[in-house]
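Q: This is the structure I want to talk about, given as structure tokens.
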Amino acid sequence: MLNKLKHKWKQILIFLSLVGPGIITGNVDNDAGGIATYSIAGAHYGYAMLWTLIPVTILLIYTLNASYRMGVATGQGLGDLIREKFRVKGAFILLFLVFFANLGTTTSEFAGIYSSIQIMGINFSNDFPPLQSKAFLTILTYLLTVLMAVFVWTIVVKGTYKMVERVFIFSCFFYLSYVFSAFYAKPEWSEVWRGFFVPTIKYESEYIFDLIGVIGTTITPWMNFYMHATMLEKGITAKSYYISKWDVVIGSIMTDIVAFFMIVACGATLFQKHIRVESIYDIGQSLIPIAGSYSSLLFAAGLFNASVLASAVLPLATAYAICETFGWEIGIEKSFNEAKMFYSIFTFMIVIGCSLVLIPGMPLLFIMRLSQVANGILLPIFLFYLITIASDKKTMGEFVFSKFEKSFGWFSTVILTILSVMLVYQSLAGN
Amino acid sequence: MADGRTATVEQIKKSPVLKDFNTFFLSEILNVKVYDNGDKFIGYIDDIAIDASENIRHPYVSAFIVRRGENITAYEYSSFVEYRYDYFELAPLPVVLPLKLTEEGEYESDTEILLKRDILDKQIVDTSGMRLVRVNDIKLTFVKNGIVTIGADIGPTGLMRRLSLGRIYKAVAALFNKKIPDQIISWQFVEPIGTTHKNKIKLVVPYAKLSLLHPADIADIIEELSVQESAEILKSLDEETAAETLAEIEEQDLQISLIESLGTEKAADILDMMPPDEAADILGDLSEKQAEEILSDMNSQGAEEVRELMSHDEDTAGGLMTTEYISFPETFNVEQALSEYRLIAPNIEMAYYLYIEEKGGYLKGVTTLKDLVVARPYQKLTEIMNRKVSFCLLNEHKKDVAEKIARYNLLAIPVVDENDVMKGIITFDDVMDTIIEINEELPHFLKGSE
């Protein structure tokens, strides 16, 4: 009996270990910044920004596929390839930018952790009166946020992170609540589809800000690094590429289906009721159609889950990428003295990320959005690196980009650059 | 002589020779302007080739690759005239080089390494520190009859120099009264790896320096490389070293991926060299089809033993044991045993316990190498042996086996079948893993690390 149970358990574990890098990455992608950005897009513009998900999904598949192919063709890490192709200076510029973008995103994850703890506290204040005292609630939230930072640091250092990752990935059922909420809210479906298929562009700096945010939160350099590392670890080779490339496609589409329903749920609730989202708390109301008075609790739980997972992944992926590029020792199985830089980088990111959100009066929602916009502005630069490597016949061999793939990449890079320039120009002119 | 450029050349020529100019870094010489002996500008230094055909500690520079626009040309070392700060003079001699220009516009040769293309910014194995590092720069020096490579710079100074911040970095360090030594790995300990480059280095003795390391160290390095790179290294090692290295790899997933990417034939050769219990462990994790393919390629006797071991459940004594142990018939005397021992012991991992078997393979007693050596040559083995042998049964659970070994402080424990016929032994190191496994109670891949 016990043996049989053990056997079943083993089977489940094997199945879990086969969940592809693409699907895992897709799930981690919907982090605190993602939830904030998609929700705001729905709350501010209703369904008008839905159409962007189509090109964004295509570009997401395109970039992840490029990273995937690089891994298959060379068996080398992304940091490796960037260093060998762009040498020290080129690699330094990119990794420098990626570091700050990721530090911003890590901060946004801690903003998510902080906010979700706060919302939960408010929710439980009826059952537990001390929570009604604002000072007590704040102190408790502070303590728990710091505790979570310690927890995240510990699971990374102890190497139990992989196990935790699986647990968290499977609590992504939270995203389903958006799907249900979108349906329960009974949106005008014809309008939803029009928003999805008919592009609308507004020349306002806030619209462009949110547009870049949506792009930036969906397609990030860190995901590419993360997925690349995951796939190499799973030992995916040229033979299995033709099957496993679908894993990227499925993962990307799954990510954006969640994004779609988040926008619809927020559009059908917040936008319809003209609720101006001023804080993270307001976003929780988009779940009222499904959870009623429990909506904010459900929202907080989901936000918490997504933020904790990503707050472990981001510092780890960043430390990994930087150390790989500059040839410093990597790995949690090494001691601090052996892998000084590796430990320093991710500890620094967790400490700074956590500390920033604890500064009183920090605009948490804005941090979440801004970090995604920063990723969006970084994206064309990252694409430049990615396309250059993927188009290099010597490195890629048979997996080299076709002419069409190359042109598509450069075209996207140009469009994204124009958007970024427009944003910078408008925000300068606006002031 | 009237145009501006020549004037600059003359200015440079008048400039004093820099103090520390006997040694220089690759990053400093790359892109330096090259002039011929008539002071005519002919291009920029694009790369430097070294002759790696002979296994000497510090190979000589054999050629300079000069780039002008799209064109690259290799000049033999003998055409070198002078190198000063930002000035490089070559006498463009007609030369015979081992370097051949390929259709893709790259130089290729079986004996030469191009320092920038093949080494700079790549990962190398530092065989003195037994670790994987990245080359930030390469240090070279003038000697009486040429330029030799001193070593690879893997430290922060090299990195800063590449970022054009070398002087600032040193100045800041001086400010804090800190001397930052260059971290140079002597070329004799530099082992390039890499499978990406199409014209990858196909030298006469690939990975020669790596094969001098202990297999456990090679395994450590391999664990940090990708499967493709690791397979490349394993293939280059001799089968015995490869087998020991494979056995030393702790990540089971990696062992399996490696076996898969080695190809059936090579995998069979390597597994032949492994102790049968370890071979059985690895094969047991492959698909049945793959395992069968490899088994049929292995030599028949070894394959038979491995098959036998594979038929036992992994968690039982039968699955843990190895069939390689030393046993003598009970009729032997000490002298006979010793001469037999000399013949068989070299190939056997656990050669301290000597088992005495009755006709039919029944386990009768045990003695140790020490007892054998101190006994008198004509004594019968049955006189010196210990009859109270602790043993375990084929289907005994590994936890129980571990407990027995720990309780009786044994180096190994014999395994017998239900008829008391000896089948193999389990050494304490195999059980050490079990004890750790018991403690952690987690499947291995769950404890994976990033």
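From first to last, the protein sequence lines are chains G and H. Just add 315 to wherever you are in the first sequence, counting from 1, and you've got my numbering. Just so it is clear: in the second sequence, position 428 is 422 by my numbering, and no numbers are missing. Ideal Cβ positions, reconstructed from N, Cα and C, are used throughout, including at glycine. Just so we're clear, the structure is a prediction, and the values are computed from it rather than from any experiment.
(1) 8 Å is my cut-off, CB to CB: does residue 560 (chain G) come that close to chain H?
(2) Using DSSP's beta-bridge definition, name the partner residues of residue 327 (chain H).
(3) List, in order along the chain, the chain H residues whose C-beta lies closer than 9 Å to that of residue 404 (chain G)?
(4) With residue 371 (chain G) and residue 516 (chain G) assumed to form a contact (beta carbons below 8 Å), what rounded beta-carbon distance in angstroms separates them?
(5) Grab me the residues of residue 461 (chain G)'s own chain with a C-beta within less than 8 Å of its C-beta, minus the 5 sequence neighbours each way, in chain order.
(6) Quick one: complete beta strand (DSSP E) runs, 3+ long, within the stretch 289 to 354 of chain H?
(7) Please list, in chain order, the chain H residues whose beta carbon lies closer than 8 Å to that of residue 424 (chain G).
(8) Any beta-carbon of chain H closer than 8 Å to the one on residue 398 (chain G)?
(9) Indicate whether residue 184 (chain H) and residue 145 (chain H) have their beta-carbon atoms separated by less than 8 Å.
(10) Taking only beta carbons into account, state which residues of the stretch 532 to 551 of chain G come closer than 8 Å to chain H, listed in chain order.
(11) Is it true that the CB of residue 686 (chain G) sits closer than 8 Å to the CB of residue 419 (chain G)?
(12) Strictly under 8 Å for the Cβ-Cβ distance: is residue 182 (chain H) near chain G by that measure?
(13) Which residues in the same chain as residue 251 (chain H) place their Cβ atom closer than 7 Å to its Cβ, once the five residues preceding and following it in sequence are excluded?
(14) DSSP state of residue 236 (chain H), grouped into three classes?
(15) Where residue 106 (chain H) and residue 133 (chain H) are concerned, what is the direct C-alpha to C-alpha distance, given to the nearest angstrom?
(16) Return the chain-ordered ranges of every alpha helix (DSSP H) run that is complete within the stretch 391 to 468 of chain G and spans a minimum of 4 residues.
(17) The alpha helix (DSSP H) that contains residue 593 (chain G), what's its start and end?
(18) Could you give the distance in angstroms between the alpha-carbon of residue 721 (chain G) and the alpha-carbon of residue 389 (chain G)?
(19) The stretch 219 to 235 of chain H: which residues have C-beta closer than 7 Å to a C-beta of chain G, in chain order?
(20) Spatial neighbours of residue 418 (chain H) within its chain, please: C-beta separation below 6 Å, excluding the five flanking residues on both sides.
(21) Please confirm whether residue 148 (chain H) has its beta-carbon closer than 8 Å to some beta-carbon of chain G.
(22) For residue 192 (chain H), name the three-state secondary structure that DSSP assigns.
(23) Taking only beta carbons into account, state which residues of the stretch 640 to 665 of chain G come closer than 9 Å to chain H, listed in chain order.
(24) Measuring only between beta-carbons, confirm whether residue 127 (chain H) sits less than 8 Å from chain G.
(25) Taking buried to mean at least 16 other C-beta atoms within 10 Å of its own C-beta, is residue 453 (chain G) buried or exposed?
(26) Just to confirm, is the Cβ distance from residue 358 (chain G) to residue 715 (chain G) under 8 Å?
(27) Taking the alpha carbon of residue 382 (chain H) as the point to measure from, which residue in H:396, H:407, H:62, H:363 has its own alpha carbon closest?
(28) For the stretch 262 to 291 of chain H, which residues have a CB atom closer than 9 Å to at least one CB atom of chain G, in sequence order?
(29) Once DSSP output is grouped into helix, strand and coil, what is the label at residue 41 (chain H)?
(30) Determine the DSSP secondary structure at residue 359 (chain G), reduced to helix, strand or coil.
(31) Kindly list, in the order they appear in chain H, the residues whose Cβ is closer than 8 Å to that of residue 407 (chain G).
(32) Can you list, in chain order, the residues of its chain whose CB lies under 8 Å from that of residue 378 (chain H), leaving out five sequence neighbours each side?
(33) Would DSSP call residue 707 (chain G) helix, strand or coil?
(34) For residue 666 (chain G), count neighbouring Cβ atoms within 10 angstroms of its own Cβ and tell me buried if that reaches 16, exposed if not.
(35) Which same chain residues, not among the five before or five after residue 514 (chain G), have their C-beta less than 6 Å away from its C-beta?
(36) Among residues of its own chain, excluding the 5 on either side of residue 171 (chain H), which ones have a beta-carbon nearer than 7 Å to its beta-carbon?
A: Let me lay it out:
(1) By one-based count along the first sequence, residue 560 (chain G) stands at place 245. No, residue 560 (chain G) lies away from the interface with chain H (no Cβ there is under 8 Å from its Cβ).
(2) As a first step, residue 327 (chain H) must be located in the second sequence, where it is residue number 333. Its beta-bridge partners are H:374.
(3) As a first step, residue 404 (chain G) is located in the first sequence; it is residue number 89 there, counting from the start. Per Cβ cutoff of 9 Å: 156, 157, 158.
(4) Within the first sequence, numbered from 1, the residue matching residue 371 (chain G) stands at position 56. Within the first sequence, numbered from 1, the residue matching residue 516 (chain G) stands at position 201. Their Cβ separation, rounded to whole angstroms, is 14 Å, which puts residue 371 (chain G) and residue 516 (chain G) out of contact at 8 Å.
(5) Taking the first residue of the first sequence as 1, we reach residue 461 (chain G) at position 146. 669, 673, listed in sequence order.
(6) 320 to 323, 347 to 351
(7) Taking the first residue of the first sequence as position 1, residue 424 (chain G) is located at position 109. Simply none; closest approach about 17 Å.
(8) The residue labelled residue 398 (chain G) in the question sits at position 83 within the first sequence. Chain H places a beta carbon closer than 8 Å to that of residue 398 (chain G), counting this residue as a contact.
(9) Position 190 of the second sequence, counted from the first residue, corresponds to residue 184 (chain H). Position 151 of the second sequence, counted from the first residue, corresponds to residue 145 (chain H). Their beta carbons are under 8 Å apart, which means residue 184 (chain H) touches residue 145 (chain H) by this criterion.
(10) 544, 547, 548, 550
(11) By 1-based counting over the first sequence, the position of residue 419 (chain G) is 104. By 1-based counting over the first sequence, the position of residue 686 (chain G) is 371. For residue 419 (chain G) and residue 686 (chain G), yes; Cβs fall inside 8 Å.
(12) The residue you call residue 182 (chain H) lines up with position 188 of the second sequence. Chain G, which has no Cβ nearer than 8 Å to the Cβ of residue 182 (chain H), makes this no.
(13) Residue 251 (chain H) sits at position 257 when you count from the first residue of the second sequence. Around residue 251 (chain H): 221.
(14) On the second sequence, residue 236 (chain H) is found 242 positions in, with the first residue counted as 1. DSSP, read as helix, strand or coil, puts residue 236 (chain H) in helix.
(15) Numbered from 1 along the second sequence, position 112 holds the residue referred to as residue 106 (chain H). Numbered from 1 along the second sequence, position 139 holds the residue referred to as residue 133 (chain H). Their backbone Cα atoms lie some 17 Å apart in a straight line.
(16) Runs found: 393 to 438.
(17) On the first sequence, residue 593 (chain G) is found 278 positions in, with the first residue counted as 1. From DSSP, residue 593 (chain G) is part of no alpha helix (DSSP H); its letter is neither H nor E.
(18) In the first sequence, the residue the question calls residue 721 (chain G) occupies position 406. In the first sequence, the residue the question calls residue 389 (chain G) occupies position 74. Their Cα atoms are separated by approximately 19 Å.
(19) 220, 221, 222, 223
(20) In the second sequence, counting from the first residue as 1, residue 418 (chain H) sits at position 424. 315, 316, 317, 409, listed in sequence order.
(21) As a first step, residue 148 (chain H) must be located in the second sequence, where it is residue number 154. Interface residue, yes.
(22) Translated into positions along the second sequence, residue 192 (chain H) becomes position 198. Reliability of the predicted coordinates at residue 192 (chain H) is poor, the pLDDT of 43 falling under 50, and the value obtained from them is presented with this limitation in mind. In this structure, residue 192 (chain H) counts as coil in the three-state DSSP scheme.
(23) Listed in sequence order: 640, 641, 642, 643, 644, 645, 646, 647, 648, 653.
(24) For the purposes of this step, residue 127 (chain H) is taken as the residue at position 133 of the second sequence. Yes, residue 127 (chain H) lies at the interface with chain G (some Cβ there is under 8 Å from its Cβ).
(25) To locate residue 453 (chain G), count along the first sequence from 1; it is residue 138. The residue is exposed, with fewer than 16 neighbouring Cβ atoms inside 10 Å.
(26) Position 43 of the first sequence, counting from 1, holds the residue named residue 358 (chain G). Position 400 of the first sequence, counting from 1, holds the residue named residue 715 (chain G). Their beta carbons are not under 8 Å apart, which means residue 358 (chain G) does not touch residue 715 (chain G) by this criterion.
(27) On the second sequence, residue 382 (chain H) is found 388 positions in, with the first residue counted as 1. Closest option to residue 382 (chain H), Cα to Cα, is H:407.
(28) none
(29) On the second sequence, position 47 is the one that residue 41 (chain H) refers to. Three-state DSSP puts residue 41 (chain H) in a strand.
(30) As a first step, residue 359 (chain G) is located in the first sequence; it is residue number 44 there, counting from the start. It is helical.
(31) Mapped onto the first sequence, residue 407 (chain G) falls at position 92. Neighbours of residue 407 (chain G) on chain H, chain order: 157.
(32) As a first step, residue 378 (chain H) must be located in the second sequence, where it is residue number 384. Cβ within range, chain order: 328, 361, 365, 366, 369.
(33) Within the first sequence, residue 707 (chain G) is the residue found at index 392, counting from 1. Three-state result, residue 707 (chain G): coil.
(34) Taking the first sequence and counting its residues from 1, one reaches residue 666 (chain G) at position 351. Residue 666 (chain G) should be labelled exposed.
(35) As a position in the first sequence, residue 514 (chain G) is number 199, starting the count at 1. For residue 514 (chain G), where only same-chain residues beyond five positions count, the Cβ hits under 6 Å are 366.
(36) As a working note, residue 171 (chain H) is residue 177 in the second sequence. Here the set comprises nothing.
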